[in-house]
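Chains as they are written, first to last, in this note's numbering: chain A, 1 to 167; chain B, 168 to 375. Heads up, the beta-carbon is just placed ideally off N, CA and C, and yes, glycines get one too.
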Amino acid sequence: MKHRIIALGLAAALGGCLALLLPAPALADDDERSEPEFSMDIDSIMFVHLDRHELAFNPSANDVLSGRTPPQQLKATVSSNTDWVLSIAGSSPKWDGPWDKPVGDILWRIAGEGSYAQLASTAAEVQRGSPAKDLDISLDFAIALDMAHDLAGTYRYESVVFQVSAQ
Amino acid sequence: MKQRRKSSTLGGLALAASVVCIAAALLPVAAYAASEGTDTTTASVAVLRYCHVTYSGGDVTFEMDDDDFECGHIDSPDHGDVNWITNCQPWEIRITRSEWQREEGGCEEWNDRDIHLTVNHGNEGALPGQQEWINVDTIQTEPPWMVGNTTGSGTRTYLDWKVLDIGWEDGKDGHGHHHNHRGDHYGPPPEGHYSCTVTFTIEYTGPQ
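In structure tokens:
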């Protein structure tokens, strides 16, 4: 009896070891997968940040005579994970001030490049590019002045809108 | 007993592994939504009051002759243009002069008021009523040469200049004394070359 028990124990142990060494039995179709799959959706992400939110011009008499203020510079920083386009637009057709100074009297250009463009109420393209992180774009702004119309006083334009969007 | 214990251990491990797998498959995954960035800036401009006037036409020279002495004045017509530009309203333009300086001649005394300079409003062909003559004195006199209430630019051309009281006026009194048009008893200035500088100024005359 004792020998039979011992033999049965050894056989069980061997069976267990064999079970450990034998390859795992094939799983049925509805069994759990041993290689789980991870998935994630990432849409386009883009934003723009301006380094200045106030441009104040104080033209001299000579500036008024010359028809334009000296320029001031503003920097837009663009980050995007897709092809992007940066645009600029005015929020209204007129300034607030002593007279209806038009939005087109706000002049802009890529810093140091070429002639000025007039700001409009409709969006105009500033620059476009491929995915980028913290891409700086500097722009010059100036204000056109007309002695015949620009009465003395303070004029305010709110706001000049920068927008980055997918191409 | 031992056999059953081993068998149960294997089955327990397998079960634990499948539970881990299921848990991993159920981990939440962050999803990024699409976005369009915007930022805004504000512009302001402070325009100062500005008034500017210029005279073009060069120096005005009066070359006197005997006829000028007879009539008591000398004219220099259609001489000079005035241009102004302003963003102020209202405004006025005034004309003043420096004192006459005698550059040639003797030592006779004379009075600055002996040489009476006047100017009109210019513009060739203007009607007589528009040819008002303004005194050009060393101090501001009334009325101003020009007043206006519109911004922008303006011009007056072909100004006429005249010097009075340089000879025998018509205003002789009964005693044979010669008077100038102001009733003063000054006579014509002594012989010599006289000059002065005329200044045009434009000023805003509204509330400060």
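Self-check item: N-terminal and C-terminal residue of the beta strand (DSSP E) that Ala61 of chain A is part of
Solution: Segment Ala61 to Ser66 is the alpha helix (DSSP H) holding Ala61 of chain A; no beta strand (DSSP E) there.
Quiz item: When we look at the beta-carbon of Met46 of chain A and count the other beta-carbons within 10 Å, is it buried (16 or more) or exposed?
Solution: Label assigned to Met46 of chain A: buried.
Exercise. With distances taken Cα to Cα, identify the nearest neighbour of Pro311 of chain B among B:Ile369, B:Gly273 and B:Gly359.
Key: In terms of Cα proximity to Pro311 of chain B, the closest of B:Ile369, B:Gly273 and B:Gly359 is B:Ile369.
Practice problem: Check the C-beta distance from Trp300 of chain B over to Asn290 of chain B and give it rounded, since I have them as a contact under 8 Å. | Solution: Rounded, the Cβ-Cβ distance is 14 Å, inconsistent with contact.
Practice problem: Output the distance between the C-alpha atoms of Val103 of chain A and Leu145 of chain A, rounded to the nearest integer angstrom. | Solution: Roughly 12 Å between the two C-alpha positions.
Quiz prompt | Per-residue contacts from Val64 of chain A into chain B (C-beta, under 8 Å) | solution = For Val64 of chain A, the neighbours in chain B by C-beta distance under 8 Å run, in chain order, Val214, Leu215, Tyr217 and Asn254.
Quiz item: Taking the continuous beta strand (DSSP E) assigned at Glu158 of chain A, which residues delimit it?
Solution: Note, Glu158 of chain A: beta strand (DSSP E), Gly153 to Ala166.
Quiz item: Quick one, which of A:Tyr155, A:Ile137 and A:Val164 has its alpha-carbon nearest Trp99 of chain A's?
Solution: Comparing Cα-Cα distances from Trp99 of chain A to each of A:Tyr155, A:Ile137 and A:Val164, the minimum goes to A:Tyr155.
Exercise. Indicate whether at least one CB of chain A lies closer than 8 Å to the CB of Ser223 of chain B.
Key: So no, Ser223 of chain B is outside the interface.
Exercise. Just the chain A side, please: which residues come within less than 8 Å of Ser211 of chain B by C-beta, in chain order?
Key: Those within 8 Å of Ser211 of chain B in chain A are Glu54, Leu55, Ala56, Phe57, Thr154, Tyr155, Arg156 and Tyr157.
Quiz item: Of all the residues that make up the region 136-151 of chain A, which are near chain B by a beta-carbon distance shorter than 8 Å?
Solution: Of all residues in the region 136-151 of chain A, only Phe141, Ile143, Leu145, Met147, Ala148, His149, Asp150 and Leu151 place a beta-carbon less than 8 Å from a beta-carbon of chain B.
Exercise. Spatial neighbours of Arg52 of chain A within its chain, please: CB distance less than 7 Å, with the 5 preceding and 5 following residues excluded, ordered by chain position.
Key: Contacts found: Leu74.
Practice problem: Check the Cβ of Ser320 of chain B against every Cβ in chain A and list those closer than 8 Å, keeping chain order. | Solution: Residues of chain A whose Cβ lies closer than 8 Å to the Cβ of Ser320 of chain B are, in chain order, Met147 and Ala148.
Quiz item: Between which two residues does the beta strand (DSSP E) carrying Met46 of chain A extend?
Solution: Looking at the DSSP string, the run of the beta strand (DSSP E) that includes Met46 of chain A is Met46 to Leu50.
Practice problem: Would you kindly work out how many angstroms separate the C-alpha atoms of Ala117 of chain A and Gly315 of chain B, rounded to a whole number? | Solution: Taking the CA atoms as reference points, Ala117 of chain A sits about 35 Å from Gly315 of chain B.
Quiz item: Do we get a CB-CB distance below 8 Å when we pair Thr324 of chain B with the residues of chain A?
Solution: Chain A, which has no Cβ nearer than 8 Å to the Cβ of Thr324 of chain B, makes this no.
Practice problem: In the DSSP assignment, find the unbroken beta strand (DSSP E) run with Gln375 of chain B in it and report its ends. | Solution: Counting along the chain, Gln375 of chain B falls outside any beta strand (DSSP E), and DSSP gives it neither H nor E.
Quiz item: Where does the unbroken beta strand (DSSP E) through Cys218 of chain B begin, and where does it stop?
Solution: Segment Cys218 to Ser223, the beta strand (DSSP E) holding Cys218 of chain B.
Quiz item: Which residues in chain B sit within 7 Å of Leu50 of chain A, going by Cβ to Cβ distance?
Solution: Within 7 Å Cβ-Cβ: Asp206 and Thr208.
Practice problem: Work out the CA separation of Leu107 of chain A and Ser80 of chain A for me, nearest whole Å. | Solution: Cα to Cα, the separation comes out at about 27 Å.
Exercise. Check whether the Cβ of Gln127 of chain A lies closer than 8 Å to any Cβ atom in chain B.
Key: No - not a single Cβ of chain B is within 8 Å of the one on Gln127 of chain A.
Quiz prompt | Cα-Cα separation between Gly239 of chain B and Val249 of chain B, rounded to whole angstroms | solution = A straight-line Cα-Cα distance of about 27 Å links Gly239 of chain B and Val249 of chain B.
Self-check item: Contact belief for Asp83 of chain A with Ser130 of chain A at Cβ below 8 Å, rounded distance in angstroms
Solution: With a beta-carbon spacing of about 6 Å, Asp83 of chain A and Ser130 of chain A fall inside the 8 Å limit used to define contacts.
Exercise. Give the single residue among B:Leu215, B:Val365 and B:Val303 whose Cα lies nearest to the Cα of Gly225 of chain B.
Key: Taking only the C-alpha atoms, the option nearest Gly225 of chain B is B:Val365.
Self-check item: Extent of the continuous beta strand (DSSP E) run through Thr214 of chain B
Solution: Residue identity check: residue 214 of chain B is Val in the sequence provided, not Thr. First-last of the beta strand (DSSP E) with Val214 of chain B: Gly204 to Val214.
Quiz item: Excluding sequence positions up to five away, which residues of its chain have a Cβ less than 8 Å from the Cβ of Pro257 of chain B?
Solution: Excluding residues within five positions, the ones whose Cβ falls inside 8 Å are Val314, Gly315, Asn316, Tyr371, Thr372 and Gly373.
Practice problem: Taking only beta-carbon positions, decide if Leu74 of chain A is within less than 8 Å of chain B. | Solution: Taking Cβ atoms only, chain B reaches closer than 8 Å to Leu74 of chain A, which makes this a yes.
Quiz item: Between Gly90 of chain A and Ser115 of chain A, what straight-line distance do the alpha-carbon atoms span, to the nearest angstrom?
Solution: In this structure, the CA atom of Gly90 of chain A is about 19 Å from the CA atom of Ser115 of chain A.
Quiz item: Where in the region 101-125 of chain A do unbroken runs of the alpha helix (DSSP H), each at least 4 residues long, occur, reported from the N-terminal end onward?
Solution: Counting whole runs of 4 or more residues, the region 101-125 of chain A contains no alpha helix (DSSP H) stretch at all.
Practice problem: Would you mind stating whether Pro357 of chain B and Gly273 of chain B have Cβ atoms separated by less than 8 Å? | Solution: Yes, the pair counts as a contact, with Cβ atoms nearer than the cut-off.
Quiz item: Cα separation between Tyr325 of chain B and Asp105 of chain A?
Solution: Going from the Cα of Tyr325 of chain B to the Cα of Asp105 of chain A covers about 36 Å.
Self-check item: Contacting residues, own chain, Cβ-Cβ under 6 Å from Tyr217 of chain B (five flanking each side not counted)
Solution: Around Tyr217 of chain B: Asn254.
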